[in-house]
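Student:
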Amino acid sequence: MELQTWLAFFAACWVISLSPGAGAIASMSSGLQYGFWRGYWNALGLQLGLALQIAIVGAGVGAILTASATAFYAIKWFGVAYLVYLAIKQWRALPSDMSDNAAVRPIGKPLVLIFRGFLVNISNPKALVFMLAVLPQFIDPHAPLLAQYLIIGVTMICVDLIVMAGYTGLASRVLRLLRTPKQQKRMNRTFAGLFIGAAAFMATLRKAAV
Numbered sequence: 000m001e002l003q004t005w006l007a008f009f010a011a012c013w014v015i016s017l018s019p020g021a022g023a024i025a026s027m028s029s030g031l032q033y034g035f036w037r038g039y040w041n042a043l044g045l046q047l048g049l050a051l052q053i054a055i056v057g058a059g060v061g062a063i064l065t066a067s068a069t070a071f072y073a074i075k076w077f078g079v080a081y082l083v084y085l086a087i088k089q090w091r092a093l094p095s096d097m098s099d100n101a102a103v104r105p106i107g108k109p110l111v112l113i114f115r116g117f118l119v120n121i122s123n124p125k126a127l128v129f130m131l132a133v134l135p136q137f138i139d140p141h142a143p144l145l146a147q148y149l150i151i152g153v154t155m156i157c158v159d160l161i162v163m164a165g166y167t168g169l170a171s172r173v174l175r176l177l178r179t180p181k182q183q184k185r186m187n188r189t190f191a192g193l194f195i196g197a198a199a200f201m202a203t204l205r206k207a208a209v
């Protein structure tokens with residue numbers, strides 16, 4: 000991949016990652032609930048989903064999934080249902096003792112958070128369609144494809160890890176300011192509303208005509 004092409008793709012990655020979406024909401028929610036170091040496991044799961052999407056596009060399977068209305072809508076409604084599930088879980092989350100003397104803090108299980116992040120990304124058909132439309136523009140068909148897709152994958156994942164670290168860290172800072180159950184309840188319901196908003200947006204997606 001030529002340096003000029005990579006720089007253009009690198010800039011595009013920042014725009015894509017910084018755009019608010021289900022991944023950003025999930026990262027902030029995890030940071031708010033578990034703090035940065037625990038909550039960041041969610042971001043690793045997001046990257047596993049992203050890596051799988053890039054692999055699907057690189058293997059050409061993405062074109063098949065995009066052409067299939069059944070596959071597109073199956074992924075879409077699974078994603079909608081999962082975001083609604085996260086919203087309900089966030090809404091019902093109980094306030095925690097955030098005082099400096101608190102002996103017990105919420106501890107998220109790494110594998111659970113990784114799987115949660117993975118499902119958030121992999122269940123978004125719009126992301127797959129977007130990658131199928133965008134990634135080939137940065138690919139030279141006359142050069143080795145595997146090496147190019149590896150460069151693209153590593154670049155996207157590294158940028159997204161940095162951005163999701165920012166979202167997770169920002170929310171974990173907010174965590175320290177939430178001392179009362181009432182404040183925590185409001186924040187939990189705010190994130191529940193954001194998850195519902197993301198689910199509603201995903202529900203409006205339609206498969207583009209082939």
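By numbering that gives the first Met the number 0, the letter at position 139 of the sequence shown is numbered 138, and the numbering carries on one by one without gaps.
Built from N, CA and C at the ideal position, the CB exists for glycine as well.
What you are looking at is a predicted structure, and each value in this text was computed from that prediction instead of being measured.
Of the choices THR69, SER16 and GLY34, whose alpha-carbon is the least far from that of LEU45?
Tutor: Here residue 45 refers to the residue found at position 46 when the sequence shown is read from its first residue. With distances taken between Cα atoms, LEU45 lies closest to SER16.
Student: For ILE113, tell me which candidate among LEU43, GLY168 and GLY59 has the shortest Cα-Cα distance.
Tutor: As a working mapping, residue 113 is identified with position 114 in the sequence shown. Per the Cα distances, LEU43.
Student: Taking three-plus beta-carbon pairs below 8 Å as touching, is the stretch 139-149 in contact with the stretch 74-86?
Tutor: These segments do not touch.
Student: Go through its chain and collect everything with a Cβ distance to SER122's Cβ below 7 Å, but skip five positions before and after it.
Tutor: For this step, residue 122 is matched to residue 123 along the sequence shown. Cβ within range, chain order: ILE74, PHE77, GLY78 and TYR81.
Student: Taking only three categories from DSSP, how would you classify GLY165?
Tutor: Counted from its first residue, the sequence shown places residue 165 at position 166. Looking at GLY165 - three-state DSSP - the assignment turns out to be helix.
Student: Can you tell me whether MET0 is helix, strand or coil according to DSSP?
Tutor: For this step, residue 0 is matched to residue 1 along the sequence shown. Residue state, collapsed to three classes: coil.
Student: Per DSSP, what kind of secondary structure is ALA102 in: helix, strand or coil?
Tutor: Walking along the sequence shown from the start, residue 102 turns up at place 103. Because ALA102 carries a pLDDT of 43, less than 50, the predicted location of this residue cannot be relied on, and no value is offered for it.
Student: What three-state label does DSSP hand ILE113 in the structure shown?
Tutor: Counted from its first residue, the sequence shown places residue 113 at position 114. Looking at ILE113 - three-state DSSP - the assignment turns out to be helix.
Student: Evaluate VAL14 with the Cβ neighbour count: other Cβ atoms within 10 Å of its Cβ, from every protein chain shown; 16 or more gives buried, anything less gives exposed.
Tutor: Mapped onto the sequence shown, residue 14 falls at position 15. By the neighbour-count rule (16 or more Cβ atoms within 10 Å), VAL14 is not buried but exposed.
Student: Have a look at SER18 and PRO180 and give me their C-alpha separation to the nearest angstrom.
Tutor: The residue you call residue 18 lines up with position 19 of the sequence shown. The residue you call residue 180 lines up with position 181 of the sequence shown. Whole-angstrom Cα-Cα distance: 31 Å.
Student: Exposed or buried, CYS12, counting other C-beta atoms within 10 Å across all chains shown (16 or more means buried)?
Tutor: For the purposes of this step, residue 12 is taken as residue 13 along the sequence shown, with counting starting at 1. Buried: at least 16 other Cβ atoms inside 10 Å.
Student: How far does the alpha helix (DSSP H) with ILE195 in it extend, from its first residue to its last?
Tutor: For this step, residue 195 is matched to residue 196 along the sequence shown. Unbroken alpha helix (DSSP H) run through ILE195: 180-202.
Student: Mapping DSSP to helix, strand and coil, what is SER171?
Tutor: Along the sequence shown, one-based indexing puts residue 171 at 172. Correct three-state label for SER171: helix.
Student: So, helix, strand or coil for ILE55, using DSSP?
Tutor: Looking up residue 55 in the sequence shown gives position 56. Correct three-state label for ILE55: helix.
Student: Would you give the residue range spanned by the alpha helix (DSSP H) that GLY78 belongs to?
Tutor: On the sequence shown, residue 78 is found 79 positions in, with the first residue counted as 1. That run of the alpha helix (DSSP H) goes 68-91.
Student: For LEU169, which residues from the same chain have a beta carbon less than 8 Å from its beta carbon, with the 5 sequence-adjacent residues on both sides left out?
Tutor: Looking up residue 169 in the sequence shown gives position 170. MET27 and GLY30.
Student: Of the residues GLY34, THR167, GLN147 and GLY48, which one's Cα is nearest the Cα of ARG115?
Tutor: For this step, residue 115 is matched to residue 116 along the sequence shown. Taking only the C-alpha atoms, the option nearest ARG115 is GLY48.
Student: Going by the beta-carbon positions, is the gap between GLN182 and LEU127 smaller than 7 Å?
Tutor: Within the sequence shown, the letter at position 183 stands for residue 182. Within the sequence shown, the letter at position 128 stands for residue 127. In this structure, LEU127 does not lie closer than 7 Å to GLN182 by Cβ.
Student: If you reduce the DSSP assignment to three classes, tell me which class ALA25 lands in.
Tutor: Counting from 1 along the sequence shown, the entry for residue 25 is found at position 26. Three-state result, ALA25: helix.
Student: Figure out for me which residue from TRP5, VAL153 and TRP36 has the closest Cα to the Cα of ALA172.
Tutor: Numbered from 1 along the sequence shown, position 173 holds the residue referred to as residue 172. One point to set straight first is that residue 172 is Arg, not Ala, in the sequence displayed. That would be TRP36, whose Cα lies nearest to the Cα of ARG172.
Student: Excluding the 5 residues preceding and the 5 following THR154 in the sequence, name in chain order all residues of the same chain whose CB lies nearer than 8 Å to its CB.
Tutor: As a first step, residue 154 is located in the sequence shown; it is residue number 155 there, counting from the start. Result list for THR154: TRP5, PHE8, PHE9 and CYS12, in chain order.
Student: Decide if LEU176 is buried, meaning its Cβ has at least 16 other Cβ atoms within 10 Å, or exposed.
Tutor: What you label residue 176 is simply residue 177 of the sequence shown in a count that begins at 1. Exposed, because fewer than 16 other Cβ atoms sit within 10 Å of the Cβ of LEU176.
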